[in-house]
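Novice: Right, I'll just put the structure down here and ask away after.
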Amino acid sequence: MASTYPPLAKGAHVDSMDKYKSMYERSMKDPEGFWGDFAADFHWNKKWDTGDDFHKYNFDLDKGGIHVSWFNGAETNVSYNCLDRHVKAGDGDRVCFFWEGNDEGVESVTTYKQLLDQVCQIANFMKSQGVGKGDEVTIYMPMIPELPATMLACARLGVVFSVVFAGFSAESLAGRISDSSPKMVVTCSAVKRGAKHIELKKIVDEALAILDGEEQVHVPRVLVYDHKASGVAREAIHASLVEGRDVWWQDVIGDQPTECEVEWVGAEDPLFKLYTSGSTGKPKGVVHTTAGYMLGSAATFKYVFDYKPEDVYWCTADCGWITGHSYVTFGPLLMGAKQVLFEGVPTYPTAGRCWEAVDKYNVTIFYTAPTAIRTLMACGDEHVTKHKRTSLRILGTVGEPINPEAWRWYHEVVGNSKAAIVDTWWQTETGAHMITPLPGATPVKPGSATLPFFGVEPALLDDKGNEVEGVGQGYLVIKRPWPSMMRTVANDHHRFEQTYFSGYKGYFFTGDAARRDEDGYFWILGRVDDVINVSGHRIGTAEVESALVGHHVCAEAAVVPVDHPIKGQAIYAFVTLMNGFEYPPEESVRKELVAQVRKAIGPIATPDVIHWAPGLPKTRSGKIMRRVLRKIASNEEDQLGDISTLADPGVVQVLIGLRGK
Ligand code: PRX
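Each step along the sequence shown adds one to the number in full-length UniProt numbering, with nothing skipped, and position 539 is 539.
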């Protein structure tokens with residue numbers, strides 16, 4: 001039995017298990033009352049319909065199409081609730097961002113009023129370019145205040161934005177632009193991340209050049225922020241500006257009026273889409289809508305981080321991922337929080353960077369990923385202990401299962417055994433925390449995400465689709481809708497229904513497996529589909545395989561996850577070369593294949609291992625037996641199991657012989 005740590009947040013919003021249980025019960029029995037009460041703190045241009053009209057859904061494909069709606073009939077605006085609401089309440093001078101640039105000493109402070117002014121200016125420029133409600137904008141920017149400001153400017157106008165992480169390659173960006181047909185792309189001259197300079201504008205140029213021949217993509221306007229701290233001068237980029245297409249941010253935004261009326265939008269109007277990898281095909285655009293997402297991100301921010309106005313909050317995630325949407329841009333700003341916005345990486349210039357900044361801003365709530373915790377842990381305690389960190393009271397983790405050793409280090413060394421740990425399980429699709437402790441209520445066990453958040457009803461299913469009762473493990477599904485769940489896949493509702501609702505009728509399938517212990521606590525076991533979780537980022541095996549076979553030397557590829565001490569999982573690729581190659585081929589072939597993946601997807605998808613495979617283990621019907629490949633990749637060939645169904649069992653020995661070659 002795992003050791004249990006008592007809840008540590010004193011005087012919390014939810015300060016006992018009894019309170020958690022009664023709130024949870026209410027959220028289940030009376031969703032309208034529960035969410036309606038929470039919604040009362042927000043501004044609504046029009047109130048929602050009550051009774052049966054408040055919330056509608058169908059989760060069962062046998063009973064028609066999948067649909068979910070909350071707060072039907074209501075009108076609001078997320079940008080208004082993040083900004084105007086606080087300024088009108090007299091909190092305009094409150095700090096929203098302490099921006100900490102990549103290089104130490106590069107910093108700025110923004111207040112809510114300043115952010116509102118800037119958001120209005122950006123929105124006014126967008127309007128002047130004919131960008132309005134229902135249009136789309138793609139954002140490809142680093143972690144500077146202008147990134148959340150652009151997201152909020154879009155939300156203000158009812159423009160659907162899609163942030164593409166500024167570490168994705170030109171080809172990936174092109175794919176996402178092509179799927180969206182944005183009227184505008186907002187980017188930045190360059191960024192310095194750690195010691196590396198990345199010219200983002202150049203990547204946008206390359207992406208648009210790839211799309212040049214595509215008829216359906218009209219040329220978007222490109223707004224380019226001149227990021228002086230990147231070390232790349234405006235003059236160096238200026239010549240690349242395309243007349244009539246590209247314009248410098250600094251030339252057009254500052255002169256815009258600082259007032260811009262909000263566009264009231266319907267509760268179910270789309271707010272943004274965010275592309276994420278699935279087990280098949282291209283990344284899908286996960287669509288989130290307005291009211292439900294707003295309340296889900298705000299409620300979880302308030303309760304899971306036990307947020308209070310005196311807190312200083314810091315989430316290290318990039319706005320290119322869902323964590324940066326819900327817990328940098330929306331949740332914190334909706335609640336009027338003061339937060340650190342960080343452009344850099346936790347190990348630059350030293351492994352003490354985060355703790356130095358924690359002391360500098362007196363950070364009370366810190367939220368990061370297990371991979372960052374393990375990286376810092378490997379750098380040695382001295383980088384942590386030389387800083388005070390006495391302000392820290394809540395430490396959050398997200399993105400992948402946290403191993404108990406890293407959990408204890410986070411708790412004991414970083415948090416001085418005084419800060420509460422919240423291990424938050426959720427997904428791009430869920431929009432907000434789903435299974436998580438509440439820091440004043442839930443006794444925690446290292447490695448368990450513990451219990452469901454309000455309104456969330458998880459279940460475990462066995463192979464036959466029957467619910468596993470009590471202690472046991474199975475596929476993690478959700479039995480009923482919650483406000484912040486995704487509503488569709490952009491341009492492909494059928495894919496939404498097939499991906500999440502066709503496997504188990506009546507349930508939303510998460511793609512994860514989990515175990516439930518004797519206390520009803522959930523332990524997430526990881527993905528059961530062909531998705532690899534590399535440093536908390538989802539990479540579809542199909543995407544990496546398609547990148548590899550895109551190279552002329554590669555005849556076939558099969559990609560599997562392998563455990564990695566820092567990244568959690570790493571990408572392990574088996575590659576069959578075209579006829580005529582000998583195994584192992586020259587080293588340059590490996591380098592070219594790795595470069596190919598980086599070009600097609602981005603550095604995050606870099607395979608750690610390319611394992612040469614003159615043949616792949618296939619069944620007689622030609623299906624690759626990934627189970628066998630996983631065992632070979634993990635050095636567990638003594639546990640291969642039954643391989644008699646392979647068309648040619650001999651390939652296994654050949655593969656084992658080529659390990660490390
Ligand atoms: O496998 C789960 C893992 O990350 C997946 C979702 O990835 P993404 O949509 O990119 O969102 C990441 C940030 C929310 C899940 O299916 N995951 C996320 N949080 C946890 C986790 N696995 C274990 N424990 C967690 N706390």
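A virtual CB, placed ideally from N, CA and C, is assigned to each residue, including glycine.
Taking just the CA atoms, how far does V185 sit from I139?
Specialist: 6 angstroms
Novice: Check whether the stretch 95-108 touches the stretch 119-127, counting contact only when three or more Cβ pairs, one atom from each stretch, lie closer than 8 angstroms.
Specialist: no
Novice: Can you tell me where the beta strand (DSSP E) with Y5 in it begins and where it stops?
Specialist: Taken as a continuous stretch (DSSP letters only), Y5 belongs to no beta strand (DSSP E), as it is neither H nor E.
Novice: I need the DSSP call for L395, collapsed to helix, strand or coil.
Specialist: strand
Novice: Going by other Cβ atoms of all chains shown within 10 Å of its Cβ, with 16 needed for buried, is V242 buried or exposed?
Specialist: exposed
Novice: According to DSSP, A513 sits in a beta bridge with which residue or residues?
Specialist: Among the bridge pairs identified by DSSP, A513 is matched with Y475, G526.
Novice: Since H238 is in the alpha helix (DSSP H), which residue starts that stretch and which ends it?
Specialist: Per DSSP, H238 belongs to the alpha helix (DSSP H) from 234-238.
Novice: Judging by CA-CA distance, which residue of A149, A166, D179 is the nearest neighbour of K136?
Specialist: For clarity, residue 136 is Glu in the given sequence; the question names Lys instead. With distances taken between Cα atoms, E136 lies closest to D179.
Novice: Excluding the 5 residues flanking D530 on each side, which residues of the same chain have their C-beta closer than 7 angstroms to its C-beta?
Specialist: S279, G540, T541, A542
Novice: Compute the distance between the beta-carbons of A195 and Y20, then report whether it is under 9 angstroms.
Specialist: no
Novice: Based on Cα-Cα distance, which residue from H611, V560, R538, M578 lies nearest to V549?
Specialist: M578
Novice: Using the C-alpha atoms, what's the distance from D251 back to E235?
Specialist: Approximately 14 angstroms between the Cα atoms of the pair.
Novice: So, using beta-carbon positions, are V312 and V340 closer together than 9 angstroms?
Specialist: yes
Novice: Could you spell out the range, first to last residue, of the alpha helix (DSSP H) harbouring Q114?
Specialist: 112-128
Novice: Alpha carbons only, please: which of W321, P561, P649, P481 is nearest the one belonging to A459?
Specialist: Ranking W321, P561, P649, P481 by CA distance to the CA of A459 puts P481 first.
Novice: Name all residues in chain order for which at least one heavy atom of the ligand PRX lies closer than 7 angstroms to the residue's CB.
Specialist: T276, W321, I322, T323, T397, V398, G399, E400, P401, I402, D423, T424, W425, W426, Q427, T428, E429, A449, T510, G511, D512, I524, G526, R527, N533, G536, H537, R538
Novice: Where does P148 land, buried or exposed, given buried means 16+ other C-beta within 10 angstroms?
Specialist: Burial state of P148 is buried, judged by a 10 Å Cβ sphere holding 16 or more other Cβ atoms.
Novice: DSSP on H552, reduced to helix/strand/coil?
Specialist: Coil at H552, not helix or strand.
Novice: Along the chain, where does the alpha helix (DSSP H) containing K599 start, and where does it finish?
Specialist: 587-600
Novice: Quick check: the stretch 80-90 against the stretch 56-67, are there 3 or more CB pairs under 8 angstroms?
Specialist: no
Novice: Measure the CB-CB distance between L223 and F125 and report whether it falls below 9 angstroms.
Specialist: F125 sits close to L223, with the two beta carbons spaced by under 9 angstroms.
Novice: What does the alpha-carbon distance come out to for the pair G650 and G615?
Specialist: Looking at the two C-alpha atoms, the distance is approximately 9 angstroms.
Novice: State the start and end residues of the unbroken alpha helix (DSSP H) segment that holds P404.
Specialist: 404-409
Novice: So, under 8 angstroms CB-CB, D226 and S189 are touching, yes? Tell me the CB distance rounded to an integer number of Å.
Specialist: 5 angstroms between Cβ atoms; contact.
Novice: Inspect the beta-carbon positions of T390 and I421 and report whether they are closer than 9 angstroms.
Specialist: Their beta carbons are not under 9 angstroms apart, which means T390 does not touch I421 by this criterion.
Novice: In whole angstroms, what is the alpha-carbon distance linking R393 and T371?
Specialist: 21 angstroms
Novice: Could you check whether V287 and T76 sit closer than 9 angstroms to each other, using their CB atoms as the reference points?
Specialist: no
Novice: Along the chain, where does the beta strand (DSSP E) that runs through R480 open and close?
Specialist: Careful: R480 lies outside any beta strand (DSSP E) and carries neither H nor E.
Novice: Could you tell me if the beta carbon of P565 falls within a distance shorter than 8 angstroms of some heavy atom in the ligand FAD?
Specialist: For the ligand FAD, the structure offers nothing, since it holds only the ligand PRX.
Novice: How do the stretch 491-505 and the stretch 407-421 stand: do at least 3 beta-carbon pairs fall below 8 angstroms, yes or no?
Specialist: no
Novice: Alpha carbon to alpha carbon, what distance is there between G158 and C25?
Specialist: According to the sequence displayed, residue 25 carries Glu and not Cys. E25 and G158: Cα-Cα distance of roughly 35 angstroms.
Novice: Going by the DSSP bridge assignment, what does M141 pair with across the sheet?
Specialist: Per DSSP, none; premise fails for M141.
Novice: Excluding five sequence neighbours on each side, which residues of the same chain lie with their C-beta closer than 7 angstroms to the C-beta of V471?
Specialist: R516, D517, E518
Novice: Are the CB atoms of T368 and T329 nearer to each other than 9 angstroms?
Specialist: In this structure, T329 does not lie closer than 9 angstroms to T368 by Cβ.
Novice: Where in the stretch 51-90 do unbroken runs of the beta strand (DSSP E), each at least 3 residues long, occur, reported from the N-terminal end onward?
Specialist: 55-58, 67-70
Novice: In angstroms with no decimal places, state the Cα-to-Cα distance between W425 and N81.
Specialist: 26 angstroms
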